[in-house]
Amino acid sequence: MIKKILGIAGIVLIVILAILVNLFLIQPIEVEESKNFPTSPIFKEIPINFNHRFTAEDNSKPFLGGAIIDINGDSRQEIFIGGGYQQDDALFSFMDGEFINIINGTGLSNPSATYGAVSIDLDHDQDIDLIVARNDGVYVYENEDSKFLSKKLNLTLPQEQVVIGVSAGDFNKDNYPDLYLNTFIRPKYFKPATFNDPSNAAQDILLINDQGKFIDATEESMAVVKQNSFTAVFVDLNNDSWQDLVVATNTGTVRIFKNVGGKFVVKKDPTGYGFWMGLGVGDLNNDGYQDLVLTNSGNTIKSIFAKGDLRNYQLLDTKWAVLFNNGDFTFERKNDLPNLGFSWGIVAEDLNLDGKEDILLSQNYIKWLAHRFKKLPGRLFIQDNGNFVAATELSGLSNPYYGQSPLLVDINNDGYQDVLLLNINGPLRAFLNNGGENHYLKVILEDSAESLGAILTLTKKDGSKLTKQYFTSEGYMTDPSPEIIFGLGQEEPESLTIKWPSGRDKTVDNLEVDSVVVVG
């Protein structure tokens, strides 16, 4: 009889739990996917042999990093993917239609859990180096003829803090890449939904690269962020040749710093207090200025749980944000994407080459109970006359795993950006963009400090213009391909102008459709 009663009680408990999960954790999907959208790109999944493994045994966070890097200067991009605790990292090369893991013998792997990664030529030797944040510290991997020499940065961090994100930019224009390190409280010390407790916040670090020696310049530069953060991007927001800084803070506001001659001045926060995570950058409305898209908790967490210790005068902001840049450090927030739940990495890129930036993002949180019952698919939004049309299922990019971030690279060199989806404690997934009839122009700059912040303007024969900028670390702990691809639609290119922060500029004429321009 007792066993029977306990059995019934167990069933009742499960039913109650399911009801509570449905009421308080799982939120309804609020957008209708497009079923027939002619301009949506179509992707085909191809095998890639990597399955990320997460374990909390070493007090690590449930993330992985990824970066696109040309390790041997052959203009063919390799893909670095971080492993979990005591799991080898991976380095994939795309050969004869297949992904081959070539990490053995490169000197890249490490038993510590891997977080953010960024690739750049650090030392002017024209070999692309790699910087990787790991659970036990930040490592610089110097590339010497496709072999990497490991050097751990000498950082002094409190035991409860860890570096999880890395971004590169030359904010002082000395022609050496500087590093911004996103820091976070370690899991066993972290208190969720805590906005105002200084003991639950880590201070980010800005390192000046003094000809290979990295020096903490956080206070000197005035780019002080004392709040847990995941992602940052150096990007020139007002086209004055100085790279500004955008930081996505978790349990904080989005922080934007104006670069004034190598010193940062904090500007008015463009958002309320939220769980800002992924950061994408692109000229969404083709006005010549780089706009921002940011992910948040969305409607996954109801405000009763998300508000935490916010004070009455502090605005809770949980929606994904689309911030249109006016060029003067004011931003117009409009056409916000639908409030479709918790999301991590996000990128803005023209995936169908029609000359308009699209938006791709990853979803689901391994520590959120609801996502064990029902996983969100990730989202692809195709831009259509200023509106963003959901085409996730139609495109073939639905990803019902613990998605962390998209990583973009034209892996088969057909001009269309292909997609890798990084999943936490799950499979890495690779998708080839099947392309279409639209044309492109691909531009390859040196992956070096001189290129950071370069502004590229393409003028088409119809007189319209497209603007892109060279920066690193878009997404979420990821660094996409350094190749810049302009979508032309059915138009033809007239000229390309490149303005480097150093003051150098160059114009390339007599351009052809579907061609590659290499600029030294």
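Under numbering that gives the first Met the number 0, the first residue of the sequence shown is numbered 0, with each subsequent residue one higher.
Every residue gets a Cβ at the ideal spot worked out from N, C-alpha and C, and that includes glycine.
Taking the CA atoms as reference points, residue 296 sits about 15 angstroms from residue 314. With respect to the 7 angstroms criterion, residue 133 and residue 113 are classified as neighbours on the basis of their beta carbons. Excluding sequence positions up to five before and after residue 461, its CB lies within less than 6 angstroms of the CB of 490, all in the same chain and listed in chain order. Taking C-beta separations shorter than 6 angstroms and ignoring five residues to either side along the sequence, the partners of residue 251 in its chain run 226, following chain order. Under the three-pair Cβ rule at 8 angstroms, the segment 502 to 510 does not count as touching the segment 423 to 435. In the DSSP assignment, residue 65 forms a beta bridge with 80 and 477. Going by beta carbons, residue 404 and residue 419 fall outside the 7 angstroms limit. In the structure shown, residue 438 falls within a strand segment according to DSSP collapsed to helix, strand and coil.
For residue 333, the closest of 269, 62 and 105 by C-alpha to C-alpha distance is 269.
By DSSP's assignment, residue 469 forms no beta bridge with any residue. Residues of the same chain with a CB within less than 6 angstroms of the CB of residue 352, apart from the 5 flanking positions on each side, are 437, 439 and 486 in chain order. The three-state secondary structure of residue 176, taken from DSSP, is coil. Relative to the Cα of residue 463, the nearest Cα in the group 318, 348, 230 and 285 belongs to 285. Between residue 127 and residue 73 a beta carbon distance of about 11 angstroms is seen, past the 8 angstroms cut, so the two are scored as non-contacting. Contact annotation, residue 336 with residue 387: C-beta distance approximately 6 angstroms; criterion of less than 8 angstroms satisfied.
For residue 231, the enclosing beta strand (DSSP E) begins and ends at 228 to 234. At the C-beta level, residue 232 and residue 472 come within 7 angstroms of one another. Judged by DSSP in its simplified three-state form, residue 138 adopts strand. Of the other Cβ atoms in all chains shown, fewer than 16 fall within 10 Å of the Cβ of residue 310; this residue is therefore exposed. In the structure shown, residue 49 falls within a coil segment according to DSSP collapsed to helix, strand and coil. At the C-beta level, residue 205 and residue 188 stay beyond 7 angstroms of one another. Counting C-beta atoms within 10 angstroms of its own C-beta, residue 312 has fewer than 16 neighbours from the protein chains shown and is therefore classed as exposed. Leaving aside the five residues that flank residue 326 on each side, the residues in its chain whose CB is nearer than 6 angstroms to its CB run, in chain order, 237 and 288.
Residue 446 and residue 468 have their C-alpha atoms spaced approximately 13 angstroms apart. Residue ranges of uninterrupted beta strand (DSSP E) with 3 or more members, entirely inside the segment 238 to 307 and ordered along the chain, are 243 to 251, 254 to 259, 262 to 265, 278 to 281 and 290 to 293. The criterion of a C-beta distance shorter than 7 angstroms is not satisfied by residue 44 and residue 392. Proximity to residue 55 across 512, 84 and 80 peaks at 84, based on C-alpha coordinates.
The alpha carbon of residue 481 has as its nearest neighbour, out of 42, 78, 52 and 49, the alpha carbon of 78. Burial state of residue 157 is exposed, judged by a 10 Å Cβ sphere holding fewer than 16 other Cβ atoms. The beta strand (DSSP E) runs lying completely inside the segment 161 to 218 and spanning 3 residues or more are 177 to 184, 204 to 209 and 212 to 215, given in chain order.
Within the segment 344 to 407, the runs of alpha helix (DSSP H) that reach at least 4 residues and sit entirely inside it are, in chain order, 369 to 372 and 391 to 394. A residue is called buried when at least 16 other Cβ atoms come within 10 angstroms of its Cβ; residue 75 does not meet this threshold and is exposed. Within the same chain, 203, 246 and 254 come within 6 angstroms of residue 224 by CB-CB distance, once the 5 residues on both sides are set aside. With distances taken between CA atoms, residue 370 lies nearest to 340 out of 347, 340, 501 and 46.
Residues of the same chain with a CB within less than 8 angstroms of the CB of residue 197, apart from the 5 flanking positions on each side, are 225 in chain order. Look at residue 159 here: in three-state DSSP terms it is coil, with no helix or strand label.
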